[in-house]
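The block underneath contains the structure these notes are about, expressed in structure tokens.
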Amino acid sequence: MGRIILFLLVPFLSYASVVVPFTWKDGESFLTFLERKKLPLNLFYNLDKEDQKATEDIPFNAHGQFLVNDKKQIEQVLIPVNDELQLHIYRAHSKKYEMHVIPIISETYKEVLYAPLTSIPYDDVLGASGSKKLAAKFTQIFKNKVNLKKQPKEGDAVVMTYERIYRLSRPFSMPEISGAMIILGGEKYALYRHSDGNFYDANGAQIEKFLFKSPMRNARITSGFTKRRYHPVLRRYRAHLGIDYGARPGTPIYATGDGKVSFVGSTRGYGKTIKIRHSGGYMSLYAHLKGYKQKLHSGLSIKQGDVIGYVGSTGLSSGPHLHFGMYSGSTPINPSSVMKKKSEGFSGKELRVFNDIKHKLDRIFIRKLKEKPVAKKWIDFQDIYYVDKDTFKVQAF
Ligand SMILES: [Zn+2]
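What follows is the structure, encoded as structure tokens:
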């Protein structure tokens, strides 16, 4: 009997810890965070170059968590680097702190939403889905093509398919629309996401307005943008939150768009760095520079195509290249999703790929407009959950 009670108690004893949520402060560096929380600074210094750089990209306002035991000691810390990877600090059995970059465990589902139009589309999509993010995304892709303020007629509706990431059976992260159709005033208009990640209309014309241009002329891309990549040799996960262009030291770098210089200076990871703020809440970052254009300073207005600096290898860089990052707010985005690549429509194999995508989506639109399914409502959900240190499995608390 005594043994059974002891056995039952063990799980409760080891869980006499509490989860304390926190948000990443603006301007906080990983080192100052460790210092402030009295965690060993070696957690940072033991990281390799790439992972040290990744800590400079923790978005401010990121939702992290401490697991604190009854002696007020930190048992674990989770800090999301993006919506796919997180830093996991934990006290190992040796009682020493260790850190790993681990994936945020989630499932991705394809969903379809049908919403009859009775007012403005934003309100109807929000009303049917419960998701402000989905409503905002829908409005964003259609706003330059359709007059969304038009009064709807009887039979007007919106239908769309999208992918959404779920964690612990609740939606998380921004939904990715794959295609959407709006019938407004009896007129149909549809948009399709091509395999390049951009939206096109039924004729294959690109619909998004591209503000930005490549920061290099004729340079080759040596490493693309990825939120999560598994390195089979190092056997670890890492992110690369920008595009690398290989070029000789001294090669000029051009401003990707009009804007205002917001930072000129050095960081440990990125070396000599320039940041430019653009309209629409975008920011561009140019790193590992050899030097800056003369008289470049914070607050200076810049035109697209102006030379701002020169390729180098400063900071934690393995050779001369430009690391180019784009941010929406403080969230890194894929620069190629906002840079113009082509102006004409598709041809050849690419046209066949696009038509395939379009036909599949059209079939779904037609079927769902007939079926008029009622959507499940979800509230968007932000938190990262506690991960068990032994199994790395997500646990509710
Ligand atoms: Zn890079």
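One gets the numbering used here by counting positions in the sequence shown from 1 and adding 4 to each.
Even for Gly, the Cβ is constructed at its ideal location relative to N, Cα and C.
Exercise for review: Check whether the Cβ of residue 295 lies closer than 6 Å to any heavy atom of ligand 3, and answer yes or no.
Suggested key: No copy of ligand 3 appears in this structure; the ligands present are ligand 1.
**Study point:** Counted within 10 angstroms of its Cβ, other Cβ atoms place residue 452 as buried (16 or more) or exposed
**Key:** Outside the shown range of the chain (5 to 401) lies residue 452, about which nothing can therefore be said.
Exercise for review: Can you tell me which of 107, 111, 114 and 152 puts its alpha carbon nearest to the alpha carbon of residue 129?
Suggested key: Scanning 107, 111, 114 and 152 for the CA closest to the CA of residue 129 turns up 152.
Review point. What first and last residue would you give for the beta strand (DSSP E) that runs through residue 26?
Key: 22–27
Practice item. Output the distance between the C-alpha atoms of residue 55 and residue 64, rounded to the nearest integer angstrom. Key: 18 Å
Review point. Does the count of Cβ pairs from the region 148–164 and the region 82–98 closer than 8 Å reach three?
Key: no
Check your understanding: By DSSP, does residue 77 sit in helix, in strand, or in coil?
Key -> coil
Exercise for review: Determine, using beta carbons only, whether residue 165 and residue 116 come nearer to each other than 7 Å.
Suggested key: yes
Exercise for review: Anything with a beta carbon under 6 Å from a heavy atom of ligand 1 counts; list them all in chain order.
Suggested key: 227, 244, 246, 248 and 327
Practice item. Enumerate in chain order the residues of its own chain whose CB-to-CB distance from residue 21 is below 8 Å, with the five nearest sequence positions on each side excluded. Key: 71, 72, 73, 74 and 79
Point to revise | 7 Å Cβ shell around residue 47 - same chain, five flanking residues per side excluded | key: Contacts found: 38, 93, 101 and 103.
Review point. Between residue 332 and residue 284, what straight-line distance do the alpha-carbon atoms span, to the nearest angstrom?
Key: Going from the Cα of residue 332 to the Cα of residue 284 covers about 8 Å.
Point to revise | Where residue 32 falls: helix, strand or coil (DSSP) | key: coil
Review point. Are the Cβ atoms of residue 292 and residue 269 separated by less than 7 Å?
Key: no
Check your understanding: Excluding the five sequence neighbours on either side, which residues of its own chain have a C-beta within less than 7 Å of the C-beta of residue 125, listed in chain order?
Key -> 142, 143, 152, 162 and 186
Practice item. Verify the CB distance criterion: does residue 334 have a CB-CB separation below 7 Å to chain D? Key: As a matter of chain content, chain D is missing from the structure shown, which is built from one protein chain.
Check your understanding: Terminal residues of the continuous beta strand (DSSP E) containing residue 312?
Key -> Membership of residue 312 in the beta strand (DSSP E) is indicated by the continuous run 311–314.
Exercise for review: Determine which residues share a DSSP beta bridge with residue 66 and list them.
Suggested key: Partner(s): none; residue 66 has no beta bridge.
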